[in-house]
Structures are given as structure tokens and as C-alpha cells.
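J.: Okay, here's the structure, questions in a sec.
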Amino acid sequence: MHRTLTFIEKQFEMKIPGKIKNDEIDEAFIEKLNNINTKIGSLLINFKLKKALRELVDFGRDGNVYLNDKAPWHLIKEDKDAAGHVFNLCAQAAYALAILLAPFIPGTAKKILSFLNVKKTLKELTWDSINEEALPEGQKIRKPKPLFQKLDTNELQEKLKELKAQKEKGEKRKMISYDQFKELDIRIALVEKVEKVPKADKLFKLSIDVGSEKRTLAASLAEYYKPEELVGKKIVFLANLEPKKLRGILSQGMLLAAVEGDAVSVLTPDKDVAPGAKIE
28 MHRTLTFIEK QFEMKIPGKI KNDEIDEAFI EKLNNINTKI GSLLINFKLK
78 KALRELVDFG RDGNVYLNDK APWHLIKEDK DAAGHVFNLC AQAAYALAIL
128 LAPFIPGTAK KILSFLNVKK TLKELTWDSI NEEALPEGQK IRKPKPLFQK
178 LDTNELQEKL KELKAQKEKG EKRKMISYDQ FKELDIRIAL VEKVEKVPKA
228 DKLFKLSIDV GSEKRTLAAS LAEYYKPEEL VGKKIVFLAN LEPKKLRGIL
278 SQGMLLAAVE GDAVSVLTPD KDVAPGAKIE
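Residues in the sequence shown are numbered from 28 upward in steps of one, following the numbering used here.
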């Protein structure tokens with residue numbers, strides 16, 4: 028697309044060149060151009076978005092193949108009208124791509140239409156306008172620019188390093204004092220009952236004995252444990268966390284568990300200790 032518009036800018040005074048008689052290669056490409064809207068439209072109506080996008084990419088490749096086969100940069104030395112004919116059809120293909128890409132990348136579609144100096148907005152343009160005559164001969168285009176910025180591999184690697192460093196920095200936890208740690212009331216509790224929570228696939232309601240009282244905890248363990256695996260288990264929980272309602276359950280503390288990737292393991296004491304025992 029950029030090659031086409033650059034050649035039109037430099038060799039045809041920034042105006043869409045005229046056409047001459049089609050040859051077999053032209054006819055084959057024109058058939059694809061005139062039918063691409065119907066093909067993509069049918070796929071989108073049937074919610075086949077990925078296939079529609081692949082077809083658009085293939086159409087873009089077809090345009091490049093057509094341009095390379097006709098090689099208008101060589102043709103222009105002997106027959107400028109024939110070269111102009113090729114660039115005309117490629118410009119029509121660029122217009123088609125702009126309209127059809129709008130549902131996927133509207134910003135890029137607008138850029139293409141801007142380069143082609145199409146006055147109507149995307150909302151005003153219809154898919155039926157896609158054909159080999161969409162852009163009139165003599166229409167002045169605007170100075171083209173690359174649609175996408177070329178990625179510099181070294182620059183990309185540096186950006187990735189920066190992001191990694193930022194992530195590692197963010198993962199470093201702030202140190203707390205011993206006095207701050209002492210404020211945490213971490214205790215042992217006995218799980219007496221486990222219930223599934225309606226309309227909450229991941230949540231369990233745990234009824235626990237903490238020695239001096241009974242409490243309720245909400246814990247996202249349904250993906251990792253069956254209720255019977257938790258009943259009768261001694262767990263470790265944060266007892267002085269401010270109570271909070273989760274899906275209608277007043278959670279009076281927080282169960283502690285080890286998390287590594289997708290694996291979750293509830294913390295338990297390695298010896299039989301009484302409910303309510305404090306962890307120090």
C-alpha cells in the first residue's frame with residue numbers, strides 16, 4: 028500500500044492515474060477485489076471473526092503479489108499508462124482494505140482513507156462502494172506515511188528489560204518492623220463445616236472453631252479443594268482482620284495459603300495443636 032501511494036505521489040503528481048485495457052492478471056485481481064466485500068461480510072454475519080481477518084490478510088497479500096507480478100516500477104520506463112493502470116487498481120484495493128478493516132482496526136482504516144483523500148467518514152461509506160471504480164481517475168491523494176512503525180529489535184529488547192525491572196521492583200515487598208508483625212493475630216482454627224456458595228463457583232463458606240468462639244470465613248478454595256477435604260482440618264488464619272462481607276457472607280478473618288502458579292495449598296500445623304493457638 029505504501030509503495031503504491033509513494034509511486035503515485037512521485038510519478039503521477041499525487042493523482043490517481045487512469046486505466047487502460049485489462050490483461051488476464053488484471054482480470055483475476057479485479058475479480059478478487061469486486062468480491063472481497065461479499066466474502067468478508069458473510070463471515071462476519073456468521074461470527075467467524077478470525078477467519079474474516081485471515082481472509083483480509085490474504086487479500087492484502089494478493090495485492091502485493093499482483094503488484095510484484097506486474098512490476099510497474101519497471102513498466103513505467105516503457106509504458107507509463109500501463110504502470111498507471113496497475114497503480115490505479117492497487118489504490119482501489121487500498122480503499123477496499125480501509126473499509127473492510129474498519130471493524131477490526133478503525134484507526135488504521137481512517138489513516139488509509141486520509142491518505143487516499145476520501146472525504147466521507149467511515150460511517151458514511153458502505154461496503155457496496157468497494158469495486159474497481161471506487162476512486163475516480165485524477166483524485167488527488169495526500170502525502171503517504173507508513174501505517175505502522177517498524178519495530179527495532181534492540182529497542183524492543185530494551186523495553187522488555189525495563190518492563191521486567193519494573194515488575195521485579197514492584198514485587199519487592201516493603202519491610203515491616205517486628206512491632207508491626209506483632210500486631211498480626213495469626214491463629215489456628217478447626218474447620219467444622221464447609222458449604223458451597225450459590226452463584227459463586229470459586230467461593231466456600233467455612234465455619235471454624237477458634238477455641239474461644241465460632242467464626243465464619245469466606246475463602247476462594249472451591250477450585251482446589253472438595254468440601255470434605257477441608258472439614259476436620261486445622262488451618263492457619265489471620266484473626267484480627269476487619270470483617271468484610273463477600274457474596275453475603277461476613278468473613279471474620281482470612282485463611283492463609285501458599286500460592287505457586289496455579290497451585291494453592293492451605294497452611295496447616297505439622298503437630299496437633301488446639302484451636303485458638305497463637306502463631307508467633
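Think of the CB as a built atom: it goes at the ideal place given N, C-alpha and C, for glycine as much as any other residue.
#1: Which residue comes first and which comes last in the beta strand (DSSP E) that contains T148?
#2: Whose C-alpha, out of P171, Q176, I235 and K59, is nearest the C-alpha of V92?
#3: Look at the alpha carbon of Q38 and the alpha carbon of N61, and state the distance between them as a whole number of angstroms.
#4: Since D236 sits in a beta bridge, which residues does DSSP pair it with?
#5: Buried or exposed, going by whether 16 or more other CB atoms sit within 10 Å of the CB of D53?
#6: Below 8 Å on the Cβ atoms is my contact criterion, and I expect L140 with A125 to pass it. Report the Cβ-Cβ distance as a whole number of Å.
#7: Beta-carbon within less than 8 Å of E159's beta-carbon, same chain only, minus the 5 sequence neighbours each way: which residues are those?
#8: In angstroms, rounded to a whole number, what distance separates the CA positions of E36 and A98?
#9: Taking three-plus beta-carbon pairs below 8 Å as touching, is the region 180 to 192 in contact with the region 203 to 214?
#10: Span of the beta strand (DSSP E) holding F264?
#11: Taking the C-alpha atoms as reference points, what is the distance between L217 and L282?
#12: How would you label T31, buried or exposed, when you count the other beta carbons within 10 angstroms and need 16 or more for buried?
#13: What is the rounded straight-line gap between the Cα of K214 and the Cα of K223?
#14: Report the option in E219, P270, Q279 and A245 whose CA atom is closest to the CA atom of V258.
#15: Using the three-state DSSP reduction, which class does S292 fall into: helix, strand or coil?
#16: Comparing C-alpha positions only, which one of G303, D50 and D155 sits nearest to T65?
T.: With the given structure in hand:
#1: Residue 148 sits at position 121 when you count from the first residue of the sequence shown. Unbroken run through T148: none, as it is neither H nor E.
#2: Position 65 of the sequence shown holds residue 92. Check the Cα spacing between V92 and each of P171, Q176, I235 and K59: the tightest is with K59.
#3: Locating residue 38 in the sequence shown gives position 11, counting from the first residue. Locating residue 61 in the sequence shown gives position 34, counting from the first residue. Their Cα atoms are separated by approximately 27 Å.
#4: Within the sequence shown, the letter at position 209 stands for residue 236. Looking at the DSSP output, D236 bridges to L217 and K241.
#5: Taking the sequence shown and counting its residues from 1, one reaches residue 53 at position 26. Buried is the call here.
#6: In the sequence shown, residue 140 corresponds to position 113, counting from 1. In the sequence shown, residue 125 corresponds to position 98, counting from 1. Between A125 and L140 the Cβ distance is about 5 Å, and since that is below 8 Å, they are a contact.
#7: The residue labelled residue 159 in the question sits at position 132 within the sequence shown. Result list for E159: I57, L60, N61, L116 and Q119, in chain order.
#8: As a first step, residue 36 is located in the sequence shown; it is residue number 9 there, counting from the start. As a first step, residue 98 is located in the sequence shown; it is residue number 71 there, counting from the start. Between E36 and A98, the C-alpha separation is close to 17 Å.
#9: no
#10: Taking the first residue of the sequence shown as position 1, residue 264 is located at position 237. Segment K261 to L265, the beta strand (DSSP E) holding F264.
#11: Within the sequence shown, numbered from 1, the residue matching residue 217 stands at position 190. Within the sequence shown, numbered from 1, the residue matching residue 282 stands at position 255. Distance between the alpha carbons of L217 and L282: 11 Å.
#12: Taking the sequence shown and counting its residues from 1, one reaches residue 31 at position 4. By the 10 Å Cβ count, T31 comes out buried.
#13: Looking up residue 214 in the sequence shown gives position 187. Looking up residue 223 in the sequence shown gives position 196. Looking at the sequence provided, one finds Arg at residue 214 rather than Lys. Rounded to the nearest whole angstrom, the C-alpha separation of R214 and K223 is 24 Å.
#14: In the sequence shown, the residue the question calls residue 258 occupies position 231. Closest by alpha carbon: E219.
#15: As a first step, residue 292 must be located in the sequence shown, where it is residue number 265. Three-state result, S292: strand.
#16: If you number the sequence shown from 1, residue 65 lands on position 38. Taking only the C-alpha atoms, the option nearest T65 is D155.
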